[in-house]
Amino acid sequence: MTDMNHIQDCERIDELLEAFLDGELEVTEAMAVERHVAGCRQCGESLSLAQRIRDTLRSAGMPACPDELTPAIETLASRPRPSAGNWRHALAAGLAALAIGAAVAWQQPWRGNPDPSAAELAQARQELRVALGYIAEAGQLAGRDVGTVVTGAGMNSIRDGLRHGVNPRPGGSEDQDRSGTEGKS
Amino acid sequence: MKRFYIPLAAATLFLAAGPLAAQDWQDAVKSKPGYVDFGDLSKELGEEPKVEVMLGGPLISFLAEASREDDPELADMLKGLAAVRVNVFELKEGDAKVARDRVNQVAKKLAGEHWQKTISVNDDENPVSMFIRTEGDKISGLAMMVVSGDREAVFINVVGDVDPAALGKLAAKLGVSVKGLSLD
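Listed in order, the protein sequences are those of chains Y and R. In case it helps, my numbering puts the first sequence at residues 1 to 185. In case it helps, my numbering puts the second sequence at residues 1001 to 1184.
Quick look at the structure:
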């Protein structure tokens, strides 16, 4: 990539950063931003700065409640409540609300977090990389490449078990004792 | 006043539905056979984890689909997963023993259940334990516990249909360097 192309990319990324943080980009665009930012120190700093500004604004706290608001709420609250004769309306309203709630709940449980934004996906991707990083590190601490750790001799008995349709013996192990040898840091 | 009941109750339910749904998938993960309860180490150590990853349910599915074009291998691996959990605790003086005791305790519990210990490094300072759980002809969970000297304790649980070979390969390929990592 030439310097000119890189500068053009940086300008484009700079335009997209706000939308990226707002989660308004398409997934592919967000990934392009993420990729560029990962390899470009200047844009990475711009993103961090924008993020910090947002965090600061978010943590700035709520403005104080205006003095005139409290009496207004109290006046509203002191108005007569619905009489007992209105219980049918209340029941109907409750049932309607329950129906709406049930419809919402029916759609939600399998989704949990409907339509995550691009920023949430980018965050999840980063978290996954961190998780994979720790898995790799755990493998290194075991003195092996992680692929070997999870596919090594210990796995063979599992594979054999699975091949023969038998669950492996619980608690069977491939123990190593490295006390006093490698791995001490 | 009564006309406000419907929107008020609906809004309340709407607002409640999101967090409840998020809670739903976390509860659902807890009931899966590949889930491991590592206990509340933060209470014992008096400190929250330095790194806490809890990816699961819908987000994993979206992540799989979003990665399909760029990294089909990753997408395939993610497809069967219910959750990926990582808790990393930074250890202070005297914490390492507490963490090692917890590792031994959980390892003992898993060994007594339907978990297969695939590796156990009995290093005094850097014990590593890894367990795999199978259900029928599938691997349904993976648990790794590491105490890295007196620096940090790492607890990893991958819940769902895990392909260990793909996981190992992707960890080597995509995993970021976590040495000295600070997510603060």
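Where a beta carbon is used, it is the ideal one built from N, C-alpha and C, also for glycine.
*Using the Cα positions of R/Pro1072 and Y/Glu24, report the straight-line distance between them to the nearest angstrom.*
Whole-angstrom Cα-Cα distance: 24 Å.
*Examine the Cβ distances between the stretch 1116–1129 of chain R and the stretch 1044–1059 of chain R and report whether three or more of them are shorter than 8 Å.*
When C-beta atoms of the stretch 1116–1129 of chain R are compared with those of the stretch 1044–1059 of chain R, fewer than three pairs fall below 8 Å, so the two segments do not count as touching.
_Per-residue contacts from Y/Arg129 into chain R (C-beta, under 7 Å)_ = Within 7 Å of the CB of Y/Arg129, the CB atoms of chain R belong to Leu1174, Gly1175 and Val1176, in sequence order along the chain.
_Cutoff 6 Å; reference R/Asn1157; Cβ partners in own chain excluding five residues on either side_ = Excluding sequence neighbours, R/Asn1157 sits near Val1036, Arg1085 and Ala1143.
*Leaving out the 5 sequence neighbours to the left and right, which residues in its chain are closer than 8 Å to R/Gln1105 when beta-carbon positions are compared?*
Cβ neighbours of R/Gln1105 within its own chain (closer than 8 Å, five residues either side excluded): Gly1039.
*Would you give the residue range spanned by the beta strand (DSSP E) that R/Ser1148 belongs to?*
R/Ser1148 -> beta strand (DSSP E) spans Lys1138 to Ser1148.
_Members of the stretch 1064–1090 of chain R that neighbour chain Y once the beta carbon cut-off is set at 9 Å_ = Near chain Y, meaning a CB-to-CB distance below 9 Å, the residues of the stretch 1064–1090 of chain R are Glu1065, Ala1066, Ser1067, Glu1069, Asp1070, Leu1074, Leu1078, Val1084, Arg1085, Val1086 and Val1088.
*Checking contacts by CB at 8 Å: is R/Leu1167 closer than that to chain B?*
Among the protein chains in the structure shown, which are Y and R, there is no chain B.
_Given this structure, state the Cα-to-Cα distance separating Y/Gly133 from Y/Ala122, to the nearest angstrom._
A direct Cα-to-Cα measurement between Y/Gly133 and Y/Ala122 gives close to 16 Å.
_With 16 other Cβ atoms within 10 Å as the buried cut-off, status of R/Gly1141_ = R/Gly1141 comes out buried.
*Paired residues, beta bridge with R/Ala1029 - DSSP*: It should be noted that the sequence gives Val, not Ala, for residue 1029 of chain R. DSSP links R/Val1029 through a beta bridge to no other residue.
*Please name the residue or residues paired with R/Phe1131 in a DSSP beta bridge.*
DSSP lists R/Lys1117 and R/Ala1143 as the beta-bridge partner residues of R/Phe1131.
*Which residues of chain Y have a Cβ atom closer than 8 Å to the Cβ of R/Leu1041, listed in chain order?*
Chain Y residues near R/Leu1041: none, gap ~15 Å exceeds 8 Å.
*Return the CA-CA distance between Y/Arg159 and R/Ser1120, expressed in angstroms with no decimal places.*
Reliability fails at Y/Arg159, whose pLDDT of 44 lies under 50, so the model's placement of it is uncertain and the value that follows must be treated cautiously. C-alpha of Y/Arg159 to C-alpha of R/Ser1120: approximately 18 Å in a straight line.
*Would you call the CB atoms of R/Ala1107 and R/Ser1129 closer than 8 Å?*
Yes, these two residues count as a Cβ contact at 8 Å.
*Within its chain, find whatever has a CB closer than 6 Å to the CB of Y/Val150; leave out the 5 residues flanking it on each side and keep chain order.*
With a pLDDT of only 47 at Y/Val150, under the threshold of 50, the placement of this residue in the model should not be trusted, and no figure is reported.
*Quick one: residues in its chain with C-beta nearer than 8 Å to the C-beta of R/Gly1080, no 5 flanking neighbours on either side, listed in chain order?*
Around R/Gly1080, the same chain offers Gly1160, Asp1161, Val1162 and Asp1163 as residues with beta carbons nearer than 8 Å, after the five sequence neighbours per side are excluded.
*asked:* Taking the straight line between their C-alpha atoms, what separation do you get for R/Leu1183 and Y/Pro71?
replied: Confidence in R/Leu1183 is poor, its pLDDT being 33 and thus under 50, which makes the residue's placement too unreliable to answer from.
*Bounding residues of the alpha helix (DSSP H) (the contiguous stretch that carries Y/Arg35)*: Run containing Y/Arg35: Val27 to Gly39, per the alpha helix (DSSP H) assignment.
_I'd like to confirm the pairing. Which residues does DSSP put opposite R/Glu1152 in its beta bridges?_
Paired residue(s): R/Glu1090 and R/Ser1148.
*Closest Cα partner of Y/Gln51 within the set Y/Ala138, Y/Gly139, Y/Glu18 and Y/Pro116*: Out of Y/Ala138, Y/Gly139, Y/Glu18 and Y/Pro116, Y/Glu18 has the C-alpha closest to the C-alpha of Y/Gln51.
_Mapping the DSSP letters down to three states, classify R/Arg1068 as helix, strand or coil._
In the structure shown, R/Arg1068 falls within a coil segment according to DSSP collapsed to helix, strand and coil.
*Using a C-beta cutoff of 8 Å, does R/Val1051 count as contacting chain Y?*
Closer than 8 Å to some Cβ of chain Y, the Cβ of R/Val1051 qualifies, so yes.
*Would you mind telling me which residues of chain R sit closer than 7 Å to Y/Arg125, beta carbon to beta carbon, in chain order?*
Correct list: Leu1063.
*Buried or exposed for R/Ala1165, please, with buried defined as at least 16 other CB atoms from any protein chain shown within 10 angstroms of its CB.*
Exposed, by the Cβ-count rule.
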